[in-house]
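Sequential numbering from 1210 applies to the sequence shown in this note's numbering.
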Amino acid sequence: VNATLQLFHFADQLDNFTHFIHIASTAYPIASNRRIRNTLAAYPKDANFMHTILKPARPHPSIWNYYVECDDRLHRIYRLTPITKETHGADVYTTSQWFIISREFVAYFANPEPGSFLNQYLKYIEHVVV
């Protein structure tokens, strides 16, 4: 999560993009660049594309941990209490590793309003390994 947030901060400083595309080796696109561009162009410029699993995530507390990277290794620091609607007023949903989001969505994540739910959530989730 931390690496993705760092990319958002970097991308937010750039002026020459309309969409941020995040893919993983397990989700490499099977369409050509031209087809991807044409598909994106068929939607409004601020459209966002991601596959969300419409079932709240309920990770077992033993696997929901806070990690830091040091000496090229991940180190578990402590266990986090999973967020649920019952305990925190919100549920967490998961998505696939790929997504395409608009410049505006990148800015929303890169510059959360202090004290907002997003600001608090990003501090909570930043060092979780999903």
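Glycine included, every Cβ here is placed at the ideal spot set by N, Cα and C.
Counting along the chain, the unbroken alpha helix (DSSP H) around L1214 starts and ends at N1211 to D1221.
Straight through space, the alpha carbons of V1210 and N1274 are spaced by roughly 12 Å. Here T1296 has no same chain residue with a Cβ atom under 6 Å from its own Cβ, once five neighbours each way along the sequence are excluded. Counting along the chain, the unbroken beta strand (DSSP E) around R1282 starts and ends at R1282 to R1288. Contact check for F1217 and A1319: beta-carbon distance about 4 Å, within the 8 Å limit, so the pair qualifies. According to the DSSP secondary-structure assignment, V1277 is paired through a beta bridge with H1284. DSSP links I1310 through a beta bridge to F1229. The residues N1257, in chain order, have a CB closer than 7 Å to that of F1314 in the same chain once the five nearest residues on each side in sequence are set aside.
Membership of H1297 in any beta strand (DSSP E) is not indicated; the residue belongs instead to the alpha helix (DSSP H) covering K1294 to H1297.
Under the three-pair Cβ rule at 8 Å, the stretch 1281 to 1294 counts as touching the stretch 1258 to 1272.
By the CB criterion at 9 Å, A1316 and D1221 fall inside the cutoff.
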